[in-house]
Amino acid sequence: MNSSKICRANKYNNPQLKLMVNTCGHSLCENCVEVLFARGSGLCVQCKTPIRKANFRYQLFEDPLVQKEVELRKKILSDFNKREDDFDSLEDLFPRLSNDVLVFNLMNDIDVDETKKYVEQYKKENKDIIKRNRLRPVCFGMNTYFVKNLFIVVYNLQFTKHIPSSWGKSLIVPIFKKKCRNDCRNHRGSSLIPIVTKVPASVILRRLTPFRETNIREQQAGFRPGRGCIDQIFTLRQILELRHAHRRPTIAMFLDLKGAFDSVDRDALMGYFLRKGMPQKYFNLLRSLYSHTSSRERVYNNLSRPFVTSSGVRQGCPLSPYWRTH
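Heads up, the sequence shown is in full-length UniProt numbering, so the first residue is 1 and it goes up one at a time.
Structure follows, in structure tokens:
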């Protein structure tokens, strides 16, 4: 059973228990870790291995030994990180593709000292290559060729003002909420847009933040940096306390706009941006992003025909909250 080795607490009796695992692969709860290191360094209560508090990680797997193996593989791969172009031939590459022998030895305490010496020797001999490969650009597991071409497309948007047509497409997936599944009102539509669309949208949002801060009221707190609901709650509470101290009646009204994000008039909003003096290049990019948008609905792996969307903001787009603050 998944339990702490000192206090014997387990997740069966306490589902909220958070276990932590050290490099030796044995579990302790958070309280036991604090008690063990109250006097400095300590030993594992099960295998008597010297352990450090900084090496503890929250247990992610049911079996703590799986966590140990994952950490070992990460460590080995961070050192044995040669790429294909670092080898003279494919014959030299193949023996390096698998480091299971090293992981197996460290997991099962087989020739541990020799294995560690081998790893350290390899790190000394290839330290320049290891450092260079760690600095190579990687973006969410995508290869550098894709990232480079995506950067070129996003960079050229400010000159061409042309958005790829695929960026304007979205897929609507209905998510069931409650009650009867046959009633469309009991489903919430979630719109999925291309991830690459969010890259230029995020850049435009950062560039337009100073413009927005000078064109909205100070009382507006939603979707602003450093502001939020806490500010509005504090203001409302101060008003209520002041009115109550003077024994004056107070009326508070909460306004909930149904379908607010789906009913925005894009043409009216574009005209508002022009009147407020939005920089022309950002205005052109905004208009391109929302000019030719279409959606399809997916139900049970069946796709509907594309239909044009001419109003509302796009779900999942970083610019959508920016539209609503105006």
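Where a beta carbon is used, it is the ideal one built from N, C-alpha and C, also for glycine.
Proximal residues to residue i (C-beta, below 6 angstroms), its chain only, five neighbours per side dropped
i, result
"Gln-315", "Ser-191"
"Gly-42", "Leu-36"
"Lys-74", "none"
"Glu-91", "Caution is warranted here: a pLDDT of 49 is assigned to Glu-91, below 50, making its placement in the model unreliable, and the coordinate value is therefore given only provisionally. So no residue of the chain qualifies."
"Lys-179", "Asn-186"
"residue 331", "Because the chain is modelled from 1 through 326, residue 331 falls outside the range shown and cannot be assessed."
Straight-line gap, residue i to residue j (C-alpha atoms, nearest Å)
i, j, result
"Glu-213", "Val-199", "22 angstroms"
"Asn-133", "Ser-202", "28 angstroms"
"Glu-241", "Arg-224", "26 angstroms"
"Asp-231", "Gln-238", "11 angstroms"
"Asn-14", "Glu-30", "13 angstroms"
"Val-299", "Asp-256", "29 angstroms"
"Gly-277", "Asp-267", "16 angstroms"
"Gly-226", "Gly-189", "30 angstroms"
"Val-45", "Lys-127", "36 angstroms"
"Cys-229", "Val-70", "40 angstroms"
"Ile-163", "Ser-288", "6 angstroms"
"Leu-236", "Asn-215", "24 angstroms"
"Glu-34", "Tyr-272", "58 angstroms"
"Gly-312", "Phe-261", "6 angstroms"
"Pro-306", "Glu-297", "8 angstroms"
"Lys-117", "Leu-102", "11 angstroms"
"Asn-301", "Ser-263", "28 angstroms"
"Pro-210", "Glu-62", "48 angstroms"
"Glu-125", "Asn-108", "27 angstroms"
"Gln-67", "Tyr-12", "20 angstroms"
"Arg-275", "Arg-217", "16 angstroms"
"Pro-194", "Ser-165", "11 angstroms"
"Ile-76", "Cys-184", "52 angstroms"
"Ile-233", "Cys-47", "53 angstroms"
"residue 348", "Thr-49", "Nothing can be reported for residue 348: it is not among the residues displayed for the chain, which extend from 1 to 326."
"Asn-182", "Met-253", "35 angstroms"
"Arg-247", "Thr-309", "52 angstroms"
"Val-153", "Ala-221", "34 angstroms"
Residue i classed as buried or exposed, judged by whether at least 16 other C-beta atoms fall within 10 angstroms
i, result
"Thr-197", "buried"
"Leu-285", "buried"
"Gln-280", "exposed"
"Tyr-290", "buried"
"Leu-208", "buried"
"Ile-51", "buried"
"Lys-177", "exposed"
"Gln-219", "exposed"
"Cys-32", "buried"
"Leu-303", "exposed"
"Ile-251", "exposed"
"Leu-97", "In this prediction, Leu-97 scores a pLDDT of 47, lower than 50, which makes its location untrustworthy; the coordinate-derived value is nonetheless stated afterwards. Classification for Leu-97: exposed."
Close Cβ partners of residue i (< 7 angstroms) along its chain, the five nearest in sequence each way excluded
i, result
"Leu-205", "Pro-318, Leu-319, Tyr-322"
"Leu-106", "Leu-72, Val-112, Thr-115"
Reduced DSSP category for residue i - H, G, I as helix; E, B as strand; rest coil
i, result
"Pro-95", "Note on Pro-95: pLDDT 47, under 50, position unreliable in the model; the coordinate value appears next. Looking at Pro-95 - three-state DSSP - the assignment turns out to be helix."
"Glu-125", "helix"
"Lys-276", "coil"
"Glu-213", "helix"
"Met-253", "coil"
"Ser-291", "coil"
"Cys-184", "helix"
"Leu-192", "strand"
"Cys-29", "strand"
"Phe-104", "helix"
"Lys-116", "helix"
"Leu-90", "Residue placement at Leu-90 is flagged as unreliable, the pLDDT there being 49, under the threshold of 50; the coordinate-derived value follows with that caveat. If DSSP states are grouped into helix, strand and coil, Leu-90 belongs with the helices."
"Glu-297", "strand"
"Gly-312", "coil"
"Val-21", "strand"
"Arg-57", "strand"
"Lys-131", "helix"
"Asn-10", "strand"
"Ser-304", "coil"
Residues of its chain near residue i, where Cβ-Cβ distance is below 8 angstroms and the 5 sequence neighbours each way are ignored
i, result
"Leu-27", "It should be pointed out that residue 27 corresponds to Ser in this sequence rather than to Leu. Once the five neighbours on either side are set aside, the close Cβ partners of Ser-27 are Asn-2, Ser-3, Ser-4, Lys-5, Leu-19, Met-20, Val-21, Gln-59, Pro-64."
"Asp-79", "Val-119, Tyr-122, Lys-123, Ile-130"
"Phe-104", "Ile-110"
"Phe-140", "Here the model assigns Phe-140 a pLDDT of 47, short of 50, so the residue's position is not dependable, and the following value carries that caveat. Nothing listed; no residue qualifies."
"Phe-283", "Met-270, Phe-273, Leu-274"
CB contact check: residue i to chain D, cutoff 8 angstroms
i, result
"Val-264", "Absence of chain D from the displayed structure is noted, only one protein chain being present."
Contact test: residue i Cβ vs the ligand FMN heavy atom, cutoff 7 angstroms
i, result
"Ser-304", "Of the ligands one can find in the structure shown there are none, so the ligand FMN has no counterpart to examine."
If we count Cβ pairs, one from each stretch, closer than 8 angstroms, do we get three or more for the region 47-60 versus the region 9-28? yes
Any contact between the region 167-175 and the region 293-304? By contact I mean 3 or more CB pairs, one from each, below 8 angstroms. yes
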